[in-house]
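Trainee: Handing you this structure, nothing more for now.
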Amino acid sequence: MHFPKTPFIRSNHVLTRILILIALLLSHSSIAVEKKTVTTNMKSNVQTDYMNGLLKLALSYSNNEYIYATTDEVYSRPRVMESVKSGSISVMWGGTSEEMERDFLPIRIDAYRGLMNHRLFFIRQGDQARFDQINTLEDLKKVKFGQGRSWQDASILEGAGLEVIKATKKPSLYHMLDGGRFDAFPRGANEVWTELTAFPDLKLTVEKNLVLIYPLPTYFFVTPKDPALAKDIEFGLESAIKDGAFDRYFYNSPEVKEALGKADLKNRRAIRIANPYLPKATPLDRKELWLDLMGNQPQ
0 MHFPKTPFIR
10 SNHVLTRILI
20 LIALLLSHSS
30 IAVEKKTVTT
40 NMKSNVQTDY
50 MNGLLKLALS
60 YSNNEYIYAT
70 TDEVYSRPRV
80 MESVKSGSIS
90 VMWGGTSEEM
100 ERDFLPIRID
110 AYRGLMNHRL
120 FFIRQGDQAR
130 FDQINTLEDL
140 KKVKFGQGRS
150 WQDASILEGA
160 GLEVIKATKK
170 PSLYHMLDGG
180 RFDAFPRGAN
190 EVWTELTAFP
200 DLKLTVEKNL
210 VLIYPLPTYF
220 FVTPKDPALA
230 KDIEFGLESA
240 IKDGAFDRYF
250 YNSPEVKEAL
260 GKADLKNRRA
270 IRIANPYLPK
280 ATPLDRKELW
290 LDLMGNQPQ
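0 is the number of the first residue of the sequence shown in numbering that gives the first Met the number 0; add one for each residue after it.
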């Protein structure tokens with residue numbers, strides 16, 4: 000005997016189909032949100048906290064879910080670079096060069112908007128009068144500078160005809176300056192104030208009147224093993240620039256606030272040198288990426 004389908008049976012079929020559809024949607028959404036680990040190698044300090052925070056801001060725009068990790072120990076710069084090449088570290092940051100952009104995936108947005116292009120000098124206490132007499136690059140050639148052995152800055156200074164004394168480890172440079180091995184240690188305008196407090200036993204101070212300017216953007220560099228991560232960081236930074244989140248993060252950073260408040264850049268004597276290692280792809284024409292700190296843009 001044939002019984003017609005009742006409304007109850009039909010509604011059960013509809014409910015079953017709806018439940019299957021919901022299950023499929025949930026399954027697809029769980030696949031779409033991929034959990035990825037981002038590994039860095041940096042000891043926590045003011046600058047690395049800023050860069051890590053900016054990285055997280057950028058990746059907050061991604062559809063992927065990122066988990067953040069760091070290595071158990073702090074590596075030397077050469078070891079960090081090798082680890083990023085191999086993919087055991089996901090991302091690092093630093094000044095750009097043709098070599099860096101060849102070996103890694105660069106995100107060509109300066110994390111500090113050009114602030115790091117402005118270098119102030121650590122000098123010994125009592126040496127200010129000597130620097131008061133410096134007005135030109137030729138004057139500056141009488142000064143010996145300290146730099147990290149693997150830093151791009153060292154090559155830039157040497158290319159300008161300046162004498163550079165190198166060390167493998169950054170902390171050694173402060174002690175070498177204090178001990179008279181060289182006369183000045185240039186650091187980014189956002190770095191000097193925090194670093195000065197890190198060595199209270201050394202008789203060092205920040206030079207009062209000069210600023211050395213050369214273009215050396217600070218980029219995120221991503222392992223070549225993970226181009227998807229590079230795309231997510233770039234997309235996130237571009238999005239943060241457009242909606243104002245980048246500016247809010249930048250100007251609310253304690254590091255940036257202190258630098259802009261103390262550096263007094265517009266009232267310093269500016270000495271500019273070229274960076275012959277600056278890649279041609281550097282977006283100097285994108286004015287929204289750079290601060291106008293000295294009355295000219297970009298810096």
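Note that beta-carbon positions come from the ideal geometry of N, C-alpha and C, so glycine has one too.
Owing to the predicted nature of the structure, the values given are computational and were not obtained by experimental measurement.
#1: Taking Cβ positions only, does residue 69 come closer than 8 Å to chain D?
#2: Take the Cβ of residue 85 as the centre, count every other Cβ of all protein chains shown within 10 Å, and call the residue buried at 16 or more, exposed below.
#3: Which value, in whole angstroms, describes the spacing of the CA atoms of residue 215 and residue 271?
#4: Pairs of beta-carbons, one from the region 133-141 and one from the region 242-262, closer than 8 Å: are there three or more?
#5: Can you tell me which residues form a DSSP beta bridge with residue 145?
#6: Would you identify the three-state DSSP class for residue 179, choosing helix, strand or coil?
#7: Kindly indicate which residue of 101, 87, 108, 91 has the alpha-carbon position closest to the one of residue 286.
#8: Measuring straight from C-alpha to C-alpha, what distance separates residue 307 and residue 220?
#9: Relative to the C-alpha of residue 244, which residue among 47, 49, 57, 42 is closest?
#10: Just the C-alpha distance for residue 143 and residue 182, rounded to the nearest angstrom, thanks.
#11: According to DSSP, simplified to helix, strand and coil, what is residue 203?
#12: Output yes or no for whether 8 Å exceeds the beta carbon distance between residue 148 and residue 169.
#13: Cutting at 6 Å between CB atoms, please list the residues of its own chain near residue 40, excluding the five before and the five after it.
#14: Give me, in chain order, the residues of the same chain whose beta-carbon lies closer than 8 Å to that of residue 212; leave out the 5 immediate sequence neighbours on both sides.
#15: Closer than 8 Å is the cut-off here; do at least three beta carbon pairs connect the region 223-241 with the region 172-188?
#16: Going by Cα to Cα distance, which pick from 241, 171, 263 is closest to residue 210?
#17: Take residue 204 as the anchor and find which of 260, 126, 226 has the nearest alpha-carbon.
#18: Going by Cα to Cα distance, which pick from 131, 278, 161, 68 is closest to residue 42?
#19: Taking all protein chains shown into account, do 16 or more other C-beta atoms lie within 10 angstroms of the C-beta of residue 167, making it buried, or fewer, making it exposed?
#20: Could you tell me if residue 97 is buried or exposed, where buried requires 16 or more neighbouring beta carbons within 10 angstroms of its beta carbon?
#21: What are the start and end residues of each continuous alpha helix (DSSP H) run of 4 or more residues lying completely inside the region 204-247, in chain order?
#22: Rounded to whole angstroms, what's the CA-CA distance from residue 280 to residue 159? Just pull it up for me.
#23: One question on the structure: do residue 282 and residue 290 come within less than 8 Å of each other, judged by their Cβ atoms?
#24: Excluding the 5 residues preceding and the 5 following residue 172 in the sequence, name in chain order all residues of the same chain whose CB lies nearer than 8 Å to its CB.
#25: What three-state label does DSSP hand residue 121 in the structure shown?
#26: Between the alpha carbons of residue 99 and residue 63, how many angstroms are there, rounded?
#27: Need the endpoints of the beta strand (DSSP E) that residue 185 sits in, please.
#28: Can you tell me where the alpha helix (DSSP H) holding residue 269 begins and where it ends?
#29: Applying the 10 Å Cβ sphere with the 16-neighbour rule, what's the burial state of residue 196?
#30: From the DSSP output, read off the bridge partner residues of residue 105.
#31: Would you kindly work out how many angstroms separate the C-alpha atoms of residue 122 and residue 246, rounded to a whole number?
Mentor: Quick answer:
#1: Although the question refers to chain D, the structure presented lacks it and comprises just one protein chain.
#2: Residue environment for residue 85: exposed (fewer than 16 other C-beta atoms within 10 angstroms of its C-beta).
#3: Their backbone Cα atoms lie some 12 Å apart in a straight line.
#4: No: fewer than three Cβ pairs fall under 8 Å.
#5: Looking at the DSSP output, residue 145 sits in a beta bridge with 164.
#6: Residue 179: coil per DSSP, three-state reduction.
#7: Checking every option, the nearest Cα to that of residue 286 belongs to 108.
#8: With the chain covering 0 to 298 only, the question about residue 307 has no answer from this structure.
#9: Nearest neighbour of residue 244 by Cα position, chosen from 47, 49, 57, 42, turns out to be 57.
#10: Roughly 5 Å between the two C-alpha positions.
#11: Reduced to three states, the DSSP call for residue 203 is strand.
#12: Contact: no.
#13: 70, 74, 79, 88.
#14: Around residue 212: 116, 117, 118, 269, 270, 271, 272, 293, 298.
#15: Judged by Cβ distances under 8 Å, the region 223-241 makes no contact with the region 172-188, as fewer than three pairs qualify.
#16: Out of 241, 171, 263, 263 has the C-alpha closest to the C-alpha of residue 210.
#17: Taking only the C-alpha atoms, the option nearest residue 204 is 126.
#18: Taking residue 42 as reference, the option from 131, 278, 161, 68 with the minimal CA-CA separation is 68.
#19: Per the 10 Å Cβ criterion, exposed.
#20: It counts as exposed.
#21: With a minimum length of 4 residues, the continuous alpha helix (DSSP H) runs that stay inside the region 204-247 are 226-242.
#22: Here the alpha carbon of residue 280 sits roughly 22 Å from the alpha carbon of residue 159.
#23: No, the pair does not count as a contact, with Cβ atoms beyond the cut-off.
#24: Answer for residue 172: 145, 146, 147, 166, 184, listed in chain order.
#25: Residue 121: strand per DSSP, three-state reduction.
#26: Residue 99 and residue 63: Cα-Cα distance of roughly 26 Å.
#27: First-last of the beta strand (DSSP E) with residue 185: 184-187.
#28: Annotation: residue 269 is outside any alpha helix (DSSP H); the continuous beta strand (DSSP E) that includes it extends over 268-271.
#29: Counting the other Cβ atoms within 10 Å of the Cβ of residue 196 gives fewer than 16, which makes it exposed.
#30: According to DSSP, which records beta bridges pairwise, residue 105 is partnered with 220.
#31: Their backbone Cα atoms lie some 32 Å apart in a straight line.
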